[in-house]
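Quick note, the sequences are listed as chains A and B, same order.
Sequential numbering from -2 applies to the first sequence in our numbering.
Sequential numbering from 159 applies to the second sequence in our numbering.
This report refers to the structure that appears directly beneath it.
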Amino acid sequence: MSEADTGLRPRRSGLSRRQKRSISRGAQYAVFLAAVAALAATADWGRLRNQFAQVELAKQLFPDIITLALKNTVLYTLSGFVFGLVLGMVIALMRLSSVGPYRWLAGVYIEIFRGLPALLIFVFVGVAVPLAFPGTEIPGGTYGKVALALGLVSAAYMAETIRAGIQAVPKGQMEAARSLGFSHARAMVSVIVPQAFRIVIPPLTNELVLLFKDSSLVLFLGVTLQERELAKFGRDLASQTANSTPILVAGLCYLLVTVPLGFVVRRLEAKAGEAK
Amino acid sequence: MSTPTEKSARPARSGTPEIRVSGLHKSFGDNEVLRGIDLEIGAGEVVCVIGPSGSGKSTLLRCVNLLEEPTRGQVFVGGTELTDPDVDIDAVRRRIGMVFQQFNLFPHLSVTENLTLPQRRVLGRGKAEAAKVAAENLRRVGLAEKADAFPASLSGGQQQRVAIARALAMGPEVMLFDEPTSALDPELVGDVLAVMRRLAHEGMTMMVVTHEMTFAREVADRVVFMDGGVIVEDGTPEQVIGNPSHERTRHFLSRLLDPAMADVEEGTDGAGAPGGGAAKTL
Chain A
-2 MSEADTGLRP RRSGLSRRQK RSISRGAQYA VFLAAVAALA ATADWGRLRN
48 QFAQVELAKQ LFPDIITLAL KNTVLYTLSG FVFGLVLGMV IALMRLSSVG
98 PYRWLAGVYI EIFRGLPALL IFVFVGVAVP LAFPGTEIPG GTYGKVALAL
148 GLVSAAYMAE TIRAGIQAVP KGQMEAARSL GFSHARAMVS VIVPQAFRIV
198 IPPLTNELVL LFKDSSLVLF LGVTLQEREL AKFGRDLASQ TANSTPILVA
248 GLCYLLVTVP LGFVVRRLEA KAGEAK
Chain B
159 MSTPTEKSAR PARSGTPEIR VSGLHKSFGD NEVLRGIDLE IGAGEVVCVI
209 GPSGSGKSTL LRCVNLLEEP TRGQVFVGGT ELTDPDVDID AVRRRIGMVF
259 QQFNLFPHLS VTENLTLPQR RVLGRGKAEA AKVAAENLRR VGLAEKADAF
309 PASLSGGQQQ RVAIARALAM GPEVMLFDEP TSALDPELVG DVLAVMRRLA
359 HEGMTMMVVT HEMTFAREVA DRVVFMDGGV IVEDGTPEQV IGNPSHERTR
409 HFLSRLLDPA MADVEEGTDG AGAPGGGAAK TL
């Protein structure tokens, strides 16, 4: 009796579950389209086009926006990534060390640099370091400073990622290596870390994307014309020409790199998922 | 074939045992897993350690190469005291091969690289020599054709044979096996046991923690029965498995055999009763 009741109830309202679902979805589409239409109708497209999409102006940005600005962005990102990776690796190993003070030091570092805005680190590297150590030049000039600032920030994140990766390698791997006569350090280098890196390649690539965007903070270090990267380049030209088209083009240049990188990350993650 | 003669030429055979464990205790927190173990294994001897789970047999094996640090007592391998705090444990472990239940091959390396990496990094062998030794040992376990494969593409039995070859490539004096066939599908157990059997015939000193009673009976020189962290019985397979003198050993062996027996009995009973009833009604 009760079975028959529940079986009949949807029919009583006149709609099957599938019909209800398609009505609900239709309503969502309608709301979305209405919102887009409202935005399109109220925006001043003419002014927007004038301000952001001057084709002639955009053409003038080339080739400098690629050969100078994008090139510098890539260089800053890579140097910061490499420095951060090396430092992050050291901190991860310290975090896992059996020596207490190493663990504490690594923990403090991670908490501090994960808790501070990247902007503050850039200001610190640009202002505080020259004040504290007068006369010392950070090797590599601006590139060195950027590598240091980006590296300091990213090392904290990468250390935690790498630590998790190392801990994800099964315990039996270390035991097998030790039973073959590897020292702990050798086993780490030859057996554990190579496997950990396979695990952390997707999250590290994600970190690369984040760094790519954070490299725009270089402008707080004060850079020469030749050292400008995408964001600074776009902003400078926007103020020179009193038009925002350069900012739009600079933005597209970022996407030119970050979208394919994001695609690569998803591919790597899918592959890692398959391997398990 | 030259191995047995080499073994018997060793001084170890005529006196000091290859493995000697004395007064061994091991606790994990409040849990005392080993409560005073004394055991000697001579060169070329094959000793199977049997016992219920939780009896401490795997812990004992892992203490023999110090993967577990004993709480008290001494462990000697080939005359070197491993429990001496000044001993170079990495150097001693090179002489002790270990095979794990879960194989523990290095998944990021090919089969050959699994065998060559330890030789090169630990023994400092050159590339060519390591490759030659690797090929020899892969042939020894019948997997020469898998040299370039990766562990993930091999069956469990093949992985375990590669793990044995990896240990053998280091030229160990002693081989420890920690339930080497427990993680394998039943049909793959035979190949691994065959490799171990051959190794035993070649004169390798072996300590094997296992549930394979047939293997213990046929291959072992001695069988050690452990329960509750102590050695209850130690003797030839005929004595310990065939004619155990302790109640606990008998109990363990009967439980090991009983489930099968019980199944058979229940099976015949279960099938018999309703079957008979049906026959009558028909």
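Note that the Cβ used here is the ideal one computed from N, Cα and C, for glycine as well.
- At a cut-off of 7 Å, the C-beta of Phe179 of chain A has a neighbouring C-beta in chain B.
- For Arg44 of chain A, not one C-beta of chain B is nearer than 7 Å to its own C-beta.
- At a cut-off of 7 Å between C-beta atoms, His409 of chain B does not count as an interface residue with respect to chain A.
- Residues of chain B with a Cβ closer than 9 Å to the Cβ of Ala267 of chain A do not exist, since the nearest Cβ in that chain sits about 17 Å away.
- In the same chain as Arg175 of chain A, and ignoring 5 residues on each side of it, the C-beta atoms closer than 8 Å to its own belong to His181, Ala184, in chain order.
- Residues of chain A whose Cβ lies closer than 8 Å to the Cβ of Leu225 of chain B are, in chain order, Glu172, Arg175, Ser176.
- Asn189 of chain B counts as exposed, since fewer than 16 other beta carbons sit within 10 angstroms of its beta carbon.
- Within 10 angstroms of the beta-carbon of Pro243 of chain B lie fewer than 16 other beta-carbons, which makes it exposed.
- Closer than 7 Å to the CB of Gln260 of chain B there is at least one CB belonging to chain A.
- Secondary structure at Met354 of chain B: helix, using DSSP grouped into helix, strand and coil.
- In terms of Cβ geometry, Phe49 of chain A and Leu245 of chain A form a close pair [threshold 7 Å].
- Near chain A, meaning a CB-to-CB distance below 7 Å, the residues of the stretch 275 to 294 of chain B are Leu275, Pro276, Arg279, Val280.
- Counting along the chain, the unbroken beta strand (DSSP E) around Gly393 of chain B starts and ends at 388 to 393.
- Residue ranges of uninterrupted alpha helix (DSSP H) with 4 or more members, entirely inside the stretch 223 to 266 of chain B and ordered along the chain, are 247 to 251.
- Relative to Pro60 of chain A, the option among A:Phe260, A:Thr202, A:Ala267, A:Leu227 whose CA is nearest is A:Leu227.
- Of all residues in the stretch 222 to 252 of chain B, only Asn223, Leu225, Asp248, Ala249, Arg251, Arg252 place a beta-carbon less than 8 Å from a beta-carbon of chain A.
- Tyr106 of chain A counts as buried, since no fewer than 16 other beta carbons sit within 10 angstroms of its beta carbon.
- Along the stretch 358 to 384 of chain B, none of the residues has a CB nearer than 9 Å to a CB of chain A.
- For Ser95 of chain A, no alpha helix (DSSP H) segment is defined, and its DSSP state is neither H nor E.
- Distance from the Cα of Leu207 of chain A is smallest, within the candidate group A:Leu67, A:Ile109, A:Gly259, for A:Gly259.
- Within chain A, the residues placing a beta-carbon under 7 Å from that of Met256 of chain B are Ser176, ordered along the chain.
- Within the DSSP secondary-structure output, Lys184 of chain B pairs in a beta bridge with B:Leu192.
- For Met171 of chain A, there is no enclosing beta strand (DSSP E); the residue is part of the alpha helix (DSSP H) that begins and ends at 168 to 176.
- Pairing Ala293 of chain B with Phe410 of chain B, the inter-Cα distance amounts to about 42 Å.
- Contacts with chain A at 7 Å (Cβ-Cβ) include Phe264 of chain B.
- At a Cβ-Cβ threshold of 7 Å, Ala286 of chain B and Thr274 of chain B do not count as neighbours.
- Per DSSP, Leu281 of chain B lies in no beta strand (DSSP E) segment; the continuous alpha helix (DSSP H) that holds it begins and ends at 269 to 281.
- In chain order, Thr242, Val246 place their CB closer than 7 Å to the CB of Ala55 of chain A, counting only its own chain and leaving out the 5 sequence neighbours on each side.
- Note on Val79 of chain A: under 16 other CB atoms within 10 angstroms of its CB, so exposed under the neighbour-count rule.
- Spanning the alpha carbons of Gly219 of chain A and Ser311 of chain B requires a straight line of approximately 55 Å.
- Here Leu415 of chain B is exposed, its C-beta having fewer than 16 other C-beta atoms within 10 Å.
- Ranked by how close their Cα comes to the Cα of Val347 of chain B, the residues B:Thr372, B:Pro402, B:His404, B:Pro265 have B:Thr372 in first place.
- Annotation: Tyr26 of chain A to Ser19 of chain A spans about 11 Å, alpha carbon to alpha carbon.
- Chain order gives no chain B residues near Val150 of chain A, where near means a beta carbon separation below 9 Å; the closest approach is about 30 Å.
- Ranked by Cα distance from Thr217 of chain B, the first of B:Ser403, B:Asp385, B:Arg406 is B:Asp385.
- In the structure shown, Ile135 of chain A falls within a coil segment according to DSSP collapsed to helix, strand and coil.
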